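Residue 188 in numbering that gives the first Met the number 0 sits at position 189 of the sequence shown; the count goes up by one each step and never skips. Since the structure comes first, as C-alpha cells, the remarks are kept for the end.
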Amino acid sequence: MISCGARLAPFDIKELRDLMEYDELELDTLGDQKTALFVILSDTDSTFNFVAALMYSQLFNLLCDKADDFYGGRLPVHVRLILDEFANIGQIPNFDKLIATIRSREISASIILQSQSQLKAIYKDAAEIISDNCDCTLFLSGRGKNAKEIAEVLGKETIDSYNQSENRGAQTSHGLNYQKLGKELMSQDEIATMDGGKCILQVRGVRPFFSEKYDITRHPRYQYLSDADKKNTFDVEATCRPCAGKSGA
0 MISCGARLAP FDIKELRDLM EYDELELDTL GDQKTALFVI LSDTDSTFNF
50 VAALMYSQLF NLLCDKADDF YGGRLPVHVR LILDEFANIG QIPNFDKLIA
100 TIRSREISAS IILQSQSQLK AIYKDAAEII SDNCDCTLFL SGRGKNAKEI
150 AEVLGKETID SYNQSENRGA QTSHGLNYQK LGKELMSQDE IATMDGGKCI
200 LQVRGVRPFF SEKYDITRHP RYQYLSDADK KNTFDVEATC RPCAGKSGA
C-alpha cells in the first residue's frame, strides 16, 4: 500500500487530475489524417515523465488496434514518432516488443539519445533488443563507450602491408614481405575526434556511410521556423488565453 501510495502521489496535484480526467487528445485518430502532436517535457524535473510514458504506451496500443480492426493491418497515414531526449520520457511498458511490431502497421519511431548507456539504464537487458530492431542508426558524435561500440560495429577493412628489409654484410641483400592485414574502418580515437559537421549512418543490409550532417537551413520549409524568423515563434500562452476567457464566461 505504501508503494502504491507513493506512485499515485502526483495525482494529489489538482492540475494533474484535471489533465487526466478527460480524453482531449483523440490518440486513435492520428493514423486517420495528417496530424502533429507535440509532447513537451521538463528537462530538469522528471516528476511527470510517467504521464508521457503512459500516453505513448496507450498511443501504440490504440494505433495498433485501429490498424488491425479498421484498416486491414496498416494505417492509411504513416505515423512517425520523433522521440527526442528519449531517456527523459521514462520507461514505456513493453517497448522492446512494440518496436518490433509497429512497423507493419505503418508506425515508426526515431529514438534520439545522448548516449547508448541511457537506453541500457532504463531498459536494462531489453536495450539490446530495442537497438537490434532499429534499421537505421545515425551517430552524430560521442566518446568513450559510444565510440568503442561504433568502432566495433563498423568492423574492419583489409589493407596491404609491405615490409622492406636490407641486410648489410659481405654481400648486401634486400627483402620485401607482403601481407594483407585487418584494420579498423575507423578507430575509437578517430570517432571520438570526428569533425562536428560529419556523421556516420548505418542502414541495415548495406555498408555504413561517413557523411556530412544535413544543413537544416537548406530545407525548403526552414523559412517557417522561428530560427529563420522570430515572427514564426509559437506563443502558447497567447493561444490559450482566448480559450480560458471563453470558459470563464
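Virtual Cβ for every residue (Gly too), placed ideally from N, Cα, C. As the structure is a computational prediction, the values presented were derived from the model and not from experiment.
{"Asked": "If I measure Cβ to Cβ from ALA99 and keep anything under 8 Å in the same chain, skipping five residues before and after, which residues do I get?", "Found": "ILE128 and ASN132"}
{"Asked": "Bridge partners of ARG79, per DSSP?", "Found": "SER107"}
{"Asked": "In this structure, what does DSSP give as the bridge partners for ASP159?", "Found": "LYS179"}
{"Asked": "Between LEU175 and ASN166, what straight-line distance do the alpha-carbon atoms span, to the nearest angstrom?", "Found": "12 Å"}
{"Asked": "Here's a check: name, in chain order, each residue in its chain whose Cβ is nearer than 6 Å to the Cβ of ARG79, leaving out the five neighbours to either side.", "Found": "SER107"}
{"Asked": "Would you say ASP95 reaches chain B, if we count a Cβ-Cβ gap shorter than 8 Å as a contact?", "Found": "Looking for chain B here will not work: only one protein chain is present."}
{"Asked": "Quick check on DSSP: helix, strand or coil for SER130?", "Found": "helix"}
{"Asked": "Please report the straight-line C-alpha distance between TYR21 and ARG142, rounded to a whole angstrom.", "Found": "45 Å"}
{"Asked": "Straight-line CA distance for LYS33 to GLY181?", "Found": "49 Å"}
{"Asked": "Can you have a look at ALA66 and say buried or exposed, based on whether 16 or more other CB atoms are within 10 angstroms of its CB?", "Found": "buried"}
{"Asked": "Is it a yes or a no for the stretch 182 to 200 touching the stretch 144 to 159, going by three-plus beta-carbon pairs under 8 Å?", "Found": "yes"}
{"Asked": "I think GLY72 touches ARG104, with their Cβ atoms under 8 Å apart; what is that distance to the nearest whole Å?", "Found": "7 Å"}
{"Asked": "The beta strand (DSSP E) that contains THR136, what's its start and end?", "Found": "135 to 138"}
{"Asked": "Can at least three beta-carbon pairs, one atom from the stretch 1 to 11 and one from the stretch 53 to 61, be found at a separation below 8 Å?", "Found": "no"}
{"Asked": "Using the DSSP secondary-structure output, state which residues sit across from SER164 in a beta bridge.", "Found": "GLY174"}
{"Asked": "What number of angstroms, rounded off, separates the C-alpha of GLN201 from the C-alpha of ASP124?", "Found": "22 Å"}
{"Asked": "In chain order, what are the residue ranges of uninterrupted beta strand (DSSP E) at least 3 long that sit wholly in the stretch 10 to 85?", "Found": "78 to 82"}
{"Asked": "Apart from the five residues just before and just after ALA248, which ones in its own chain have a Cβ nearer than 7 Å to its Cβ?", "Found": "Residue confidence is low: ALA248 scores 41 on pLDDT, short of 50, so the model does not pin down where it sits. No coordinate-derived value is stated."}
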